[in-house]
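Residue numbers (this note's numbering): 510 to 689.
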C-alpha cells in the first residue's frame, strides 16, 4: 500500500488550513540547504535566530519573496521546529548569493523530476509548492493532508521522499497524505 494515498483521518474542523503544503516535496533538500546556508551545524540549529532565518528561507523557496505576513507560516514553523505561537522575525532582505543557492535547489528539483517536464521555477511553485492542505496536530505527531489536483497522477513518479518528514531539529514527525 502506498503511503501517499493513505488517508488516516479526515482533517475536519481540527485542521489548520494552509496554502503551502507542497513544500514537503523539498524534504530531501532542506537539511543540506540549511547546512550550506550555515543555519544549522551538524543538522542542529545553534539558536532561535537561525530557526527564524530558516523559516524565511522556506518561505522564499515557496514564493520567491520575503515574509510579509505571519498568517500562513504554520507548516514552515513545524518544519523548522518552532512552536506555532512563535512570531517569525522577518529578514529585511535575503542576500543575493543565498537566493541564488535557493533557486539552484529548485532548478535541481525540476531537473531530477523528469515527469514534470521542462518547468520553470515559477511553475514549480505554482503547481507543486503552493498547494492547499490541512495541518492536524496530534499528541506526538503532525498530519498534513494535501488537496488533490488532476495532474497529481505524476506524483508517483517523483524521485522525492516526503510521506514521513522528520528532521533532527523537529520534536514530532510529520506524516504526509497526498492522494493521487
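From the three backbone atoms N, C-alpha and C, an ideal C-beta is built for every residue, glycine too.
Since this is a predicted model, take the numbers as computed values, not measurements.
Quick one: residues in its chain with C-beta nearer than 8 angstroms to the C-beta of residue i, no 5 flanking neighbours on either side, listed in chain order?
i: residue 650; result: 681, 682, 683, 684
i: residue 551; result: none
i: residue 569; result: 575, 603, 608, 611
Assuming residue i and residue j are in contact, meaning their beta carbons sit under 8 angstroms apart, how far apart are those beta carbons, in whole angstroms?
i: residue 529; j: residue 653; result: Actually they do not touch by this definition, with Cβ atoms about 10 angstroms apart.
i: residue 664; j: residue 687; result: 6 angstroms
i: residue 633; j: residue 655; result: Wrong, their Cβ atoms sit about 15 angstroms apart, outside the cutoff.
Taking DSSP's pairing of strands, which residues face residue i in a bridge?
i: residue 616; result: According to DSSP, residue 616 bridges with nothing at all.
i: residue 527; result: 642
i: residue 686; result: 654
i: residue 674; result: 683
On the criterion of 16 or more Cβ atoms from any shown chain inside 10 Å, does residue i qualify as buried, or is it exposed?
i: residue 593; result: exposed
i: residue 510; result: Residue placement at residue 510 is poorly supported in this model, since its pLDDT is 34, which falls under 50; the coordinates are not used for a value here.
i: residue 596; result: exposed
i: residue 515; result: Legend: pLDDT at residue 515 = 39, less than 50; position of this residue unreliable, value from coordinates given subsequently. Residue 515 comes out exposed.
i: residue 645; result: buried
i: residue 517; result: Interpretation of residue 517 is limited by its pLDDT of 45, a score under 50 that renders its predicted location unreliable; the figure taken from the coordinates is listed afterwards. Its Cβ having fewer than 16 others within 10 Å, residue 517 is exposed.
i: residue 557; result: exposed
Can you name, in chain order, every residue of its own chain whose Cβ lies under 6 angstroms from the Cβ of residue i, other than the five neighbours on each side?
i: residue 559; result: 548
i: residue 624; result: 663, 666
Cβ of residue i less than 7 angstroms from any chain D Cβ?
i: residue 663; result: This model lacks chain D altogether; it includes just one protein chain.
Residues in its own chain within less than 7 angstroms of residue i by CB, not counting five upstream and five downstream?
i: residue 677; result: 552, 553
Going along the chain, which unbroken runs of the beta strand (DSSP E) with 3 or more residues stay wholly within the stretch 592-663? 642-646, 650-655
Uninterrupted alpha helix (DSSP H) stretches inside the stretch 546-590 (no shorter than 4 residues): 557-572, 583-588
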